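**Q** Residue numbers (the working numbering), protein chains in the order written: chain L, 0 to 356; chain S, 116 to 447; chain X, 15 to 362.
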Amino acid sequence: MTNCERIELLRELCLAFGPTGCEHRVASLIKDKLEALGYESYLDRVGNLIVHIPCENAPRVMISAHTDEVGFIISEITESGYLKFRVLGGIDPRVLCGKHVTVETKSGDFVAGVIASKAIHHQTAEERKAVTPIKSMYIDIGANKKEDAESVVELGGCATFDSKFVQFGHENAFIKSKAIDDRLGCAEMIYVLEKIKGQSIPLDLWFCFTVREEIGLSGAQTAAQSIRPDYSIVIESTAVADLPDVPENSRVAKLGEGGAISLRDRSTIYDRGFVRMALALAESKGIPAQLKRYVSGGNDAGHIHKSGSGVRALAISAPSRYIHSPACVVSKNDYLSMGELLYTIITNFNEEEIKNA
Amino acid sequence: MLELLRKVSSAHGVSGFEKKAAETIRGLIADYTDEQYTDTLGNLIAVKRGNGQGRKVMLCAHMDEIGFMVTFIEEKGQLCIAPVGGISFAASSYDRVMSEKGVRGLIVPRGGVKPADYSADKFYIDIGAKNRKEAEKKVKIGDVFRFEADVVRLCGKRVCGHPLDDRIGCAILIEIAKALANEKINDDIYYVFSVQEEVGLRGSKTAAYAIAPELSLAYDVTATGDVPGDTPMACSLGDGAAIKIKDNSVICDPTLVEELVDIAKKEKIKYQLEILTYGGTDTASMQMARAGSRACALSVPSRYIHSGNEMLDLDDAIACVDLTVAYIKSIN
Amino acid sequence: MELKELIVSMASLMTVTGYESHDSERLDELIGGFFDESTTDALGNRIFIKRCGRENAPKILVDAHLDEIGMIVTDIKENGFLTVTNVGGVDTRILQASDVVIYGKEKIFGVIGSTPPHLQKPSEAKSLRAIGELLIDTGYPKEELEKIVRIGTPVGFEVKYVDLANGKIAGKGFDDKACAACAAEGIRRAAREDLAGDVYLMLSSREETTAVAGAATGAYAIDPDYAFVFDVNLGTTPDVPKSESVEVGGGVSLTVCPITDRRLTRMTAELAEKRGLKYQISVSGSGTGTNTPSIHLTGAGIPCVDAGLPLKSMHTCAESLDMADAECAAELIAAFITSKEIAEVFKR
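#1: Can you tell me the Cα-Cα spacing of Gly89/L and Val69/L, whole angstroms?
#2: Pick out the complete beta strand (DSSP E) segments inside the stretch 158–226 of chain S, 3 residues or longer, and give them in chain order.
#3: Taking the straight line between their C-alpha atoms, what separation do you get for Ala333/S and Ala412/S?
#4: Residues in the same chain with beta-carbon distance under 7 Å from Ile90/X, minus the five sequence neighbours each way, listed in chain order, please.
#5: DSSP has Glu103/L in a bridge; who is on the other side?
#6: Within the continuous alpha helix (DSSP H) that includes Asn332/L, where are the two ends?
#7: Buried or exposed: Ile295/X, going by 16 or more other Cβ atoms within 10 Å of its Cβ?
#8: Checking 8 Å against the spacing of the C-beta atoms, do Val292/X and Cys342/X come in under that value?
#9: Sort Lys216/S, Arg211/S and Ala161/S by Cα distance to Gly128/S and report the nearest one.
#10: Under a three-way DSSP split, which group does Met426/S fall into?
#11: Given Lys83/L, which residues of its chain have a CB within under 7 Å of its CB, disregarding the five upstream and five downstream residues?
#12: Run through chain L and tell me which residues come within less than 7 Å of His329/X, C-beta to C-beta.
#13: Taking the beta carbon of Glu235/L as the centre, do at least 16 other beta carbons fall within 10 Å, making it buried, or is it exposed?
#14: Across the stretch 318–332 of chain L and the stretch 394–402 of chain S, are there enough close Cβ pairs to call them in contact, namely three or more that are closer than 8 Å?
#15: CB Ile116/X to CB Val169/X, shorter than 8 Å?
#16: If distances are taken between C-alpha atoms only, which option among Leu221/S, Thr148/S and Arg261/S comes closest to His277/S?
#17: Looking only at its own chain, which residues have a Cβ that is under 7 Å from the Cβ of His296/L, when we skip the five neighbours before and after it?
#18: In whole angstroms, give me the CA-to-CA distance for Ile446/S and Ser218/X.
#19: Can you name the residues that DSSP bridges to Arg268/S?
#20: Hey, does Ala229/X have any beta-carbon neighbour from chain S nearer than 8 Å?
#21: Closer than 9 Å by beta-carbon distance: list the chain L residues that pair up with Lys326/X, in chain order.
#22: Beta carbons nearer than 9 Å to chain X: which residues of the stretch 278–298 of chain S have them?
#23: Enumerated in chain order, which unbroken segments of the alpha helix (DSSP H) with a length of 4 residues or greater are wholly contained in the stretch 307–389 of chain S?
#24: Counting only beta-carbon atoms, is Asp55/X nearer than 8 Å to chain S?
#25: By the 10 Å Cβ neighbour count, where 16 or more other Cβ atoms means buried, how is Tyr147/S classified, buried or exposed?
#26: What residue range does the alpha helix (DSSP H) around Lys83/L cover?
#27: Taking the beta carbon of Asn448/S as the centre, do at least 16 other beta carbons fall within 10 Å, making it buried, or is it exposed?
#28: Beta-carbon separation of Asp163/S and Leu330/S under 8 Å?
#29: Should Phe187/S go down as buried or exposed, given a rule of 16 or more other Cβ atoms within 10 Å for buried?
#30: Output needed in chain order: residues of the stretch 80–94 of chain X with a Cβ under 7 Å from some Cβ in chain S.
#31: Run the CB neighbour count on Val365/S, radius 10 Å, all protein chains shown included, and call it buried at 16 or more, exposed below.
#32: Would you tell me roughly how many angstroms separate the C-alpha atoms of Val254/X and Asp81/X, rounded to the nearest one?
#33: What residues in its chain sit with their C-beta under 6 Å from that of Glu29/X, if we drop five residues either side in the sequence?
#34: Helix, strand or coil: how does DSSP classify Ala15/L here?
#35: On the DSSP letters alone, give me the boundaries of the alpha helix (DSSP H) that Arg280/X sits inside.
#36: Taking 8 Å as the CB-CB cut-off, is Val309/X touching chain S?
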C-alpha cells in the first residue's frame, strides 16, 4: 500500500457509520478489505471481527483496535418531530450544539440531521455562558410532526457526526475527521496484514477488530477470553493536549513525534519488557515513537490484560487532539509511522527480551 | 511632544465642559490651519484647505476627559458626585481633583465601604470645607471636577499622568497639522477636536454629519495586554502606532487598514494591529455619518486607562503622526 | 438557477461582518444579471438597481443584509494556533470542534479546539470557554502561519449544506443571505413594465454588529420612498415560546410593532392573501432585531414593512429553513415591488 492508499483507506474507514453497538457496517467494510487481501475473517458472537494467522507452539499475540466510534442513540421522538438522544461514549456536550449528524433510518439507510437547541437570541445571559445540557438538545431532521419522523426513524436508532475528512495544515501534515478513534487503529492493522501476507512469522497471530470500546463494556474482553493470548498489542488513538494554553507536563504527547507508547493509563499498567522492546526496536529501526507522558484515559488493554491468567500488554496510540468530537486531529506522519512500528514489532518479536526485562 | 502634551493636558475639559480645552488647543493649532471654529456642541474644528478638488478628510481626537459632577453638598461640606464618563473608582480613591474654577480636593470613599462595593454614590469630594456653607462659597451644584492634570516622564519615552485619554490624540493632531502646514495637499483636512466622547461618542457624530467626510481617522488610546494579569491582547507599549481593526463600536474599513499597513511598512514606521474586544471610539460615528465614510483609527497603546493616571510611550504617538503624514501625502 | 441553488450559493459566500466585499465578484456573477446597475458604498453595502423606465418614479428599497457572523484573528500562538474574537453574535456553544476557514493571503482550513473529556478537570465541565479562550488549530508552524495570517484576518465557518426532510435545508449563512437570494429572485421575477418604481436591492453590510451601520448609511444615500426590510426571523422550536418565534413552514412573517408602518404592513399582508401566499404575523413591543430600526429613522423617515424568513438554530452552522417559505418570500417580494396600490399610497 502506498502512503496515498493508506490515507484513502483511513478516509474510508473514518467516514463509515459505526457508533458503539452499531458497528456492523464497519466490520463488513473491513471484512471486504481483508478478503481483497486474501484473508479469511469471522465475526464472533458479540460482533468482533477476527483474523487468525496460525502458528503452532508459538507465542499467541492478540492485536486489536476497536471499530466503534462515539455517537448518539435516539431515545424519544417528540410531538413536533424532533429526536431526543443519549450519547454513546464520552462526548463533551460542548462539541454538540449546531453540528451536523447522520441518522440511521428504519430501513438501514441514512438521513441528514442537525443538533439544534434554542438560538442565541432566545438564550438568557446565563445560558449563553453555560454548557447546554444534552437533555436540552434535539436532532432536527426536518420532520413536521411525530408521525412524520416515525415513518423514517425509530427509537434506538443510532447517529454519528457528519464531518468531512480533511487533510490540512502546512504541507497537509495533519488529518481532521470524525472517528479517527479508532478507525486509525483498524487501518494500521489492515496495512500490517497486507505487509505480512505470505511471510512466515513465528507467532500465533490474532487480529481483532473489536466492538464497544467507547462505553467501556469492551468486546475485546470476550475476544481475549476466547483467544487466551499471551501478548496483547492495542492500537489506539489517545487524547493529547499539545496546546499553547496547557502546561507542558499535562500535554500527554506531541503530534508528529510518532506513536505514543503507554506506560500506564487509568485501566492498565503495561508490561515493562514489552514497552522496552518496542522502544528499542523503534530506536534501532529509526521509526519515530514517544512515551505517553501523562496518566489518562484507558482502552481495550484494561480488559485484555486481566483476562484468563493474565496477558502482557502493549498499547501504541496515535496522539490525537480533540478526540471524541467531530473534529479529531492527528499527524499524517504519526499515522504512517505507527504501521511501520507495529510491523517491526511483529516481525522482530523477542519473547526472551520481554520476559527478562 | 512631551511639552505639547503637557500644554494640551493642562486645560480643563470634562465632557460637556470642554471650552477651556478648546481655547488652549485652538491657540496651538491656529498657525497650521486656514480656519478654526467651534460648532453647536462645542467641537473645535480646524481646517487646512486643499485645492477645492480633493476629498474631505476628517481627523478626529476627543478633547473631553472623564470627571465628576457635583450633585449635592452634605451638611459637613463634602460634595456628592455623579461620574462623567467611565470612572474606575477603585483606581481613583484618594486622588486629587480640581474643579473647573480651580477648587482643589480629594475624591474619597465613604467610611466602611469595601473596594468591591465602590460606586459613585459611595464617594464624595472633600475640598476641606468646614461645612456646607463654606463649601457653597467655592462650589455650586453642577460644577465639574477633573483629576489633577500632571504629566510626568518615566523610563525612556514613557510618560504617565492625566488626561492622556485623549489629549495625546489632540497632541498628535496638532503635530500632524504642523507637519502638513506647508505641504501642498489637494484634500481638505479637517482636524476635529471632539466633545463628549466619554459619554457616548456624541460630539463627533454631529461634526461628521456637518463635514460629511469621505475618509476618517480617529486618534485615541487603546488598551494593552502587556502587563501581568491583563486580558490577552496583542498590543504593547512601545510597539508602534496601533492600527485599529475593530473595537466594540466599529469594524474599520479593511482596505484602509491594508493601505495604512502598507505605508507603515514602506516608510518603516513602527506599527501594530489592534483588536479591542470592548470599548468604543469616535471612529464609529464618523463611519456612520450620512452615507458613511471609510474609517479607521490609529491608537496609542495605553495602560491603566480611566484610572486618572494613564501610561503610554511617546514613540507610539510619534509613530501615529508619522504614519498619518506619510499616508496623507501618499494619497495626494 | 433554482431558488434553492441560489440560496446555497449566496450563503456559501464569505461575508463576515466588515469583510463583505471578499466574494463580491462571485456575488455579481450570481445576481448581477438581474439588475440594470450596481454600486458599492464606503461601508461595503452592495446596491443593485432595477429601473422601471419611468421618470420620477418612486424608489422602492428592498433590504437584506449581506454580512454573516464570524470571527477575526486576535493573535498567533506557538505551533500555529490562533486566538480569535467574534464579529456579530456568534453562539459560543457551537464553536468547539467546528471546522473553519481562515481567509488570509490564502484560504486555509482550521479546527476550533476542544478539550477531550479524558483531560478535563471536573471544575471545567460546567463552564463554557469564552470565545477569546478558544484556539484554532491550523496545523502550521508559527513562522509559516505568519506569512499567511495576521491580526485581523477574518475567519468564517466551513461551508456545508444538507437537505433535510420535507423540503428543508440546513447550513451556515442563511442569516441573511437566504433572504438576499429570495429578494434578488423576487426582483428577477417581476417584469420591468410591472414595476411600481425603481427597485433598489440593498445587500447591506455590518448588520450583525452592535452598531447597525450599513443599512443606515445606505438608506441615507438611496433615500427611498418606502422599504421592504427582509431578514430571518426566529423559528419555533420546542424550547422557545410560540409568542417569541414564528413557525418554520408557516410562510413569511410580517412584524407588527411600533416602528413598522402599520398600513404598509397591512397592505403587504393583503397582497399575500390575494396571491395565495402563506404569511404569519410576528409581534414585538419595541423595535425589531433587524435593519428596520436604522432604516425607518433615516433622513425624514422611511415607512418600512419588516418581513421575516423563519429560521431555526439561528447564528449556527446548522441554520435550517423551509424552501416553501423561501418560495413564498420571493413571490411576495415580486408582488410588493409591482404593487401600484402601495406605490400610490407611499410615494412621496
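The C-beta atom is built at its ideal place from N, Cα and C for all residues, glycine as well.
Quantities reported herein were computed from a predicted structural model and do not represent experimental measurements.
**A** If we stick to the structure as given:
#1: 7 Å
#2: 159–163, 171–177, 182–188, 194–199, 210–214 and 219–224
#3: Ala333/S and Ala412/S have their alpha carbons spaced roughly 4 Å apart.
#4: Result list for Ile90/X: Leu96, Lys156, Leu159, Glu160 and Val163, in chain order.
#5: Phe109/L
#6: Here the alpha helix (DSSP H) through Asn332/L covers Lys331 to Thr346.
#7: exposed
#8: Inspection of the sequence shows that residue 292/X is occupied by Lys rather than by Val. Yes.
#9: Lys216/S
#10: strand
#11: Ser74, Glu75, Thr77 and Tyr137
#12: Ala118 and Ile119, listed in chain order.
#13: buried
#14: The stretch 318–332 of chain L makes no contact with the stretch 394–402 of chain S, as fewer than three CB pairs between them are under 8 Å.
#15: yes
#16: Arg261/S
#17: This sequence places Gly at residue 296/L; His is not what is there. The residues are Thr237, Ala238, Asp264 and Arg265.
#18: Between the C-alpha atoms of Ile446/S and Ser218/X there is a straight-line separation of about 28 Å.
#19: Val274/S
#20: Not closer than 8 Å to any Cβ of chain S, the Cβ of Ala229/X fails to qualify, so no.
#21: Identification of chain L residues near Lys326/X by a Cβ-Cβ cut-off of 9 Å yields Val113, Ala115, Ala118 and Asp139, ordered along the chain.
#22: So nothing in the stretch comes that close.
#23: 317–326 and 369–381
#24: yes
#25: buried
#26: No alpha helix (DSSP H) holds Lys83/L; the beta strand (DSSP E) holding it covers Leu82 to Leu87.
#27: In the structure as shown, chain S begins at 116 and stops at 447. Residue 448/S is therefore absent and cannot be evaluated.
#28: Here residue 163/S is Lys; the residue named in the question, Asp, does not match the sequence. Against a cut-off of 8 Å, the Cβ pair of Leu330/S and Lys163/S comes out as no contact.
#29: exposed
#30: Ile86, Thr88 and Asp89
#31: Val365/S sits buried, since 16 or more C-beta atoms from the chains shown fall within 10 Å of its C-beta.
#32: 26 Å
#33: The sequence shown places Thr at residue 29/X, rather than the Glu named in the question. The answer, listed in chain order, is Leu80, Asp81 and Glu82.
#34: coil
#35: For Arg280/X, the enclosing alpha helix (DSSP H) stretches over residues Arg276 to Arg289.
#36: This sequence places Ile at residue 309/X; Val is not what is there. Chain S, which has no Cβ nearer than 8 Å to the Cβ of Ile309/X, makes this no.
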